[in-house]
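K.L.:
Protein sequences, first through last, are from chains A and B.
When the count follows our numbering, it moves up by one through the first sequence with no breaks and lands on 346 for the last residue.
When the count follows our numbering, it moves up by one through the second sequence with no breaks and lands on 346 for the last residue.
Where is the CB? At the ideal position from N, CA and C, for every residue including glycine.
Please read all numbers here as calculations on a predicted model, not as lab measurements.
Protein chains: 2
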Amino acid sequence: MTSTSNLVDPRWLEPPSRPDIDDAASRIRNVLVETPLLENERVNERIGRRLLIKAEGLQRTGSFKARGAWNRLSLLDADEVGRGIVALSSGNHGHAVAWAAYRLGLKPVVILMPLGSPNAKVEHIKDWGAEVVFFDRYVADRAALMRHWTLERGFVAISAYDDRRIIAGAATLAREALQQTDGLGVTPDALLAGCAGGGLVAGCALALEGRTNDTSVWGVEPEDYDDTARSLAIGRRVANGKATGSVCDALLAPIPGELTFSINARLLAGVRAVADEFALKAMKMLFKNFGLVVEPGGALALGALLADPSYLREKTVVVVTSGSNVDEGLYATALGDASEKG
Amino acid sequence: MTSTSNLVDPRWLEPPSRPDIDDAASRIRNVLVETPLLENERVNERIGRRLLIKAEGLQRTGSFKARGAWNRLSLLDADEVGRGIVALSSGNHGHAVAWAAYRLGLKPVVILMPLGSPNAKVEHIKDWGAEVVFFDRYVADRAALMRHWTLERGFVAISAYDDRRIIAGAATLAREALQQTDGLGVTPDALLAGCAGGGLVAGCALALEGRTNDTSVWGVEPEDYDDTARSLAIGRRVANGKATGSVCDALLAPIPGELTFSINARLLAGVRAVADEFALKAMKMLFKNFGLVVEPGGALALGALLADPSYLREKTVVVVTSGSNVDEGLYATALGDASEKG
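#1: Any heavy atom of the ligand GDP inside 7 Å of the beta-carbon of residue 175 (chain B)?
#2: Quick check: the segment 274-287 of chain A against the segment 297-307 of chain A, are at least 3 beta-carbon pairs closer than 8 Å?
#3: Whose C-alpha, out of A:99, A:248, A:243, is nearest the C-alpha of residue 262 (chain A)?
#4: What do you reckon, are the CB atoms on residue 225 (chain A) and residue 233 (chain A) nearer than 8 Å?
#5: If contacts are defined as beta-carbon pairs under 8 Å, then residue 188 (chain A) and residue 215 (chain A) qualify, I think. What distance do you get, rounded to the angstrom?
#6: Do residue 191 (chain A) and residue 25 (chain A) have their C-beta atoms closer together than 8 Å?
#7: Going by DSSP in three states, residue 103 (chain A) sits in which element: helix, strand or coil?
#8: Within 8 Å of any Cβ in chain A, is that where the Cβ of residue 297 (chain B) sits?
#9: Since residue 205 (chain A) is in the alpha helix (DSSP H), which residue starts that stretch and which ends it?
#10: What number of angstroms, rounded off, separates the C-alpha of residue 129 (chain B) from the C-alpha of residue 14 (chain B)?
#11: Just the C-alpha distance for residue 257 (chain A) and residue 246 (chain A), rounded to the nearest angstrom, thanks.
#12: Which parts of the segment 199-284 of chain A are runs of the beta strand (DSSP E), unbroken and 3 residues or longer, counting only runs that do not cross its ends?
#13: With burial defined as no fewer than 16 other Cβ atoms inside 10 Å of the residue's Cβ, what is the status of residue 241 (chain A): buried or exposed?
#14: According to the Cβ coordinates, are residue 294 (chain B) and residue 44 (chain B) closer than 8 Å?
#15: Between residue 326 (chain B) and chain A, is any beta-carbon pair separated by less than 8 Å?
#16: DSSP state of residue 162 (chain A), grouped into three classes?
#17: Below 9 Å on C-beta distance, what does residue 381 (chain A) contact in chain B?
#18: Run through DSSP, which three-state label would residue 296 (chain B) get?
#19: Does DSSP classify residue 121 (chain A) as helix, strand or coil?
#20: Helix, strand or coil for residue 67 (chain B)? Go by DSSP, reduced to three states.
#21: Mind listing the chain A neighbours of residue 131 (chain B)? Cutoff is C-beta to C-beta under 8 Å, in chain order.
#22: Please list, in chain order, the residues of the segment 23-34 of chain A that have any C-beta partner in chain B closer than 7 Å.
#23: According to DSSP, what are the bridge partners of residue 84 (chain A)?
#24: Does the count of Cβ pairs from the segment 71-91 of chain A and the segment 152-166 of chain A closer than 8 Å reach three?
#25: Note down, one range per segment and in chain order, each alpha helix (DSSP H) of at least 4 residues found wholly within the segment 14-38 of chain A.
#26: Please confirm whether residue 242 (chain B) has its beta-carbon closer than 8 Å to some beta-carbon of chain A.
#27: Hey, would you say residue 63 (chain A) sits closer than 8 Å to residue 37 (chain A), going by beta carbons?
#28: By Cβ distance, which residues of its chain are closer than 8 Å to residue 123 (chain B), with the 5 residues on each side in sequence left out?
#29: Along chain B, which residues have their Cβ under 7 Å away from the Cβ of residue 68 (chain A)?
#30: Give the secondary structure of residue 47 (chain A) by DSSP, where H, G and I count as helix, E and B as strand, and everything else as coil.
#31: For residue 4 (chain A), which of helix, strand or coil comes out of DSSP?
#32: Taking Cβ to Cβ, would you say residue 296 (chain A) is nearer than 8 Å to residue 290 (chain A)?
#33: Applying the criterion that 16 or more other CB atoms from any shown protein chain within 10 Å of the CB defines a buried residue, is residue 131 (chain B) buried or exposed?
#34: Let me check one thing: in DSSP terms, what residues is residue 135 (chain B) bridge-paired to?
#35: Classify residue 77 (chain A) as helix, strand or coil using the three-state DSSP reduction.
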């Protein structure tokens with residue numbers, strides 16, 4: 005959620021190579037989940053596309069973040085072991101880091117989270133033995149917080165996206181999806197995923213580059229949190245004007261990452277901004293037709309198809325449902341209020 | 005839900021062979037979903053077993069029934085094509101038959117369902133173009149209903165479980181799970197699944213027979229609907245005393261199947277009866293920790309572990325969450341009421 009590049013060896017601020025991605029895929033095999041690609045012909049007819057849901061909310065820790073966190077913590081340098089781990093996160097990255105550290109026997113772990121984060125995310129992080137330190141997203145100096153934990157306390161910072169090892173992990177998702185579409189004998193026209201710091205779409209775009217020229221990669225942002233769209237439009241990183249207000253808590257990073265933006269500026273087909281109501285409608289559709297619990301930020305990419313029937317019309321679209329960590333109350337509300345027939 | 009053996013060629017009332025199961029596995033590849041096996045170390049610690057969730061609610065049509073229905077309808081005899089399809093079902097089998105018929109271009113399809121079936125199941129069945137004919141589960145003569153549709157109307161009856169082609173389909177679930185546990189380098193001590201007509205556990209037990217002697221197969225029934233447990237105890241099929249009253253609508257078949265009972269009597273390690281409240285607790289645990297929507301009947305097998313901490317203690321247990329078709333209101337209730345920490 006903030007750049008920590010001033011603390012990071014510059015070699016980690018290059019895009020991951022194909023061997024980096026292949027190595028990450030080997031590293032996660034039989035530890036992480038090969039999440040299924042789900043389809044429903046009636047839903048396809050209803051929405052006017054061939055929809056292939058990459059059900060990544062089933063991943064370890066309930067989000068794609070486990071791919072990067074596992075890869076990153078499996079690659080700790082010798083001088084990083086035993087120093088403690090710190091990560092800044094709206095929840096899913098912190099959850100993934102806390103779990104990976106637990107599995108690898110690394111401690112202590114501190115997760116810096118904005119006040120008001122979903123209980124589900126806070127509880128899971130604590131459950132893996134990590135300490136949660138809250139900050140006020142309006143007034144906290146995130147870079148200063150990270151400097152405290154890294155420079156003064158000696159912890160190793162695990163960036164949520166501005167790190168080639170993290171992006172290589174995220175890239176394994178699209179690599180896997182492409183193997184699955186190969187199994188179905190189809191090449192997707194597009195892959196859509198939520199975009200906050202931009203690591204997931206950056207990794208996916210890198211994984212597809214050179215493997216297929218026929219699949220465009222799109223990011224999806226909440227309305228009013230379209231920092232990546234606006235940054236791409238003017239060719240440099242600009243911040244969101246708001247810090248809270250969308251139900252998509254996982255997609256509220258203040259500004260695109262440096263490394264991720266450089267990748268996304270080169271490779272993304274575009275970024276769509278979508279209203280929260282379509283995230284909730286998508287959640288209900290995923291409940292009714294796919295048996296999937298998906299959190300709002302994880303459902304917004306599907307929401308982009310529901311919001312604009314002309315967008316990618318008649319195309320074969322892989323939609324990443326990227327997370328499933330949602331409080332019961334909000335989930336019940338989505339099932340009740342999203343009145344659209346799923 | 006009723007025996008149709010008087011209408012069925014006796015060759016289909018033999019247990020499926022290993023080649024039958026292998027053929028079924030080939031037939032479903034790239035049409036059905038290879039559902040993932042999910043794990044959470046903290047849940048394992050909390051419940052005192054290594055729990056491997058076979059997430060079959062993600063299957064096409066939201067239940068394991070798609071395996072048997074697809075296999076069966078792919079194997080229609082020449083004289084069966086074009087005659088229409090009829091099935092008696094509490095919902096999931098009918099949903100699976102309606103979808104498979106849609107995919108294979110077979111019609112018309114009639115699904116005979118008890119009044120009071122969940123809306124989610126009725127709507128899905130209609131959505132695939134099938135006609136739903138309701139009956140009163142207290143007074144209807146199910147065998148007479150089936151005779152009407154088959155003998156008078158000429159439809160082909162698709163049994164929910166008393167058919168080797170259906171059981172071969174169900175068996176692919178355990179075959180797949182065993183390949184997945186092989187990948188993890190572990191042999192499960194037990195496999196648990198819900199039991200109504202008994203086709204799922206029968207198929208699973210057949211799939212494991214001869215592949216491993218180390219994995220016991222258990223059925224799980226709702227309290228007061230323990231017809232299979234009581235039938236096994238006395239060595240012949242006896243009916244349930246009640247027809248409604250459990251929230252596990254998928255597990256209320258009136259009496260064990262003939263073919264399935266003969267298999268289960270030989271191969272099951274046992275059958276547990278579990279109270280509804282543990283199905284609801286399991287649903288909440290699956291929501292919080294695995295991102296899975298599971299219906300009550302699909303969650304009851306996990307409920308068996310929650311209900312009795314000493315049962316299969318310290319063992320590695322594959323639990324099949326066999327379906328995800330649940331109405332929103334009941335689901336929200338399960339999330340709210342099941343107060344146990346997931």
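P.N.:
In short:
#1: Because no ligand of any kind appears in the structure shown, any question about the ligand GDP cannot be addressed here.
#2: Yes: at least three Cβ pairs fall under 8 Å.
#3: Comparing C-alpha distances from residue 262 (chain A) to each of A:99, A:248, A:243 shows the shortest one belongs to A:243.
#4: Yes, they are a contact pair.
#5: Their Cβ separation, rounded to whole angstroms, is 16 Å, which puts residue 188 (chain A) and residue 215 (chain A) out of contact at 8 Å.
#6: No, they are not a contact pair.
#7: Residue 103 (chain A) falls in the helix class under three-state DSSP.
#8: Taking a beta-carbon distance threshold of 8 Å, residue 297 (chain B) counts as an interface residue toward chain A.
#9: That run of the alpha helix (DSSP H) goes 203-212.
#10: Answer to the nearest angstrom: the Cα atoms are 29 Å apart.
#11: Looking at the two C-alpha atoms, the distance is approximately 10 Å.
#12: Within the segment 199-284 of chain A, the complete beta strand (DSSP E) runs of at least 3 residues are 220-226, 274-278.
#13: By the beta-carbon neighbour count (other beta carbons within 10 angstroms, threshold 16), residue 241 (chain A) is buried.
#14: Their beta carbons are under 8 Å apart, which means residue 294 (chain B) touches residue 44 (chain B) by this criterion.
#15: When Cβ-Cβ separations below 8 Å define contact, residue 326 (chain B) makes no contact with chain A.
#16: Look at residue 162 (chain A) here: in three-state DSSP terms it is coil, with no helix or strand label.
#17: This structure cannot settle anything about residue 381 (chain A), because the visible part of chain A is limited to 5 through 346.
#18: In this structure, DSSP gives residue 296 (chain B) an extended state, which the three-state scheme calls strand.
#19: Coil at residue 121 (chain A), not helix or strand.
#20: Three-state DSSP puts residue 67 (chain B) in a strand.
#21: Near residue 131 (chain B) (Cβ distances below 8 Å), the residues of chain A are 46.
#22: Those residues of the segment 23-34 of chain A that come within reach of chain B (Cβ to Cβ, closer than 7 Å) are 34.
#23: According to the DSSP secondary-structure assignment, residue 84 (chain A) is paired through a beta bridge with no residue.
#24: A contact exists between the segment 71-91 of chain A and the segment 152-166 of chain A.
#25: Here the runs fully enclosed are 22-32.
#26: No, because no Cβ of chain A sits closer than 8 Å to the Cβ of residue 242 (chain B).
#27: It is a contact, given that the beta carbons lie within the stated cut-off.
#28: Leaving aside the five residues that flank residue 123 (chain B) on each side, the residues in its chain whose CB is nearer than 8 Å to its CB run, in chain order, 331.
#29: Ordered by position in chain B, no residue passes the 7 Å Cβ test against residue 68 (chain A), which lies about 12 Å from the chain.
#30: Looking at residue 47 (chain A) - three-state DSSP - the assignment turns out to be helix.
#31: Beyond the ends of chain A as shown, which are 5 and 346, falls residue 4 (chain A); an answer cannot be given.
#32: Less than 8 Å separates the beta-carbon of residue 296 (chain A) from that of residue 290 (chain A).
#33: Counting Cβ neighbours within 10 Å, residue 131 (chain B) comes out buried, since at least 16 surround it.
#34: Paired residues: B:114.
#35: Three-state DSSP puts residue 77 (chain A) in a helix.
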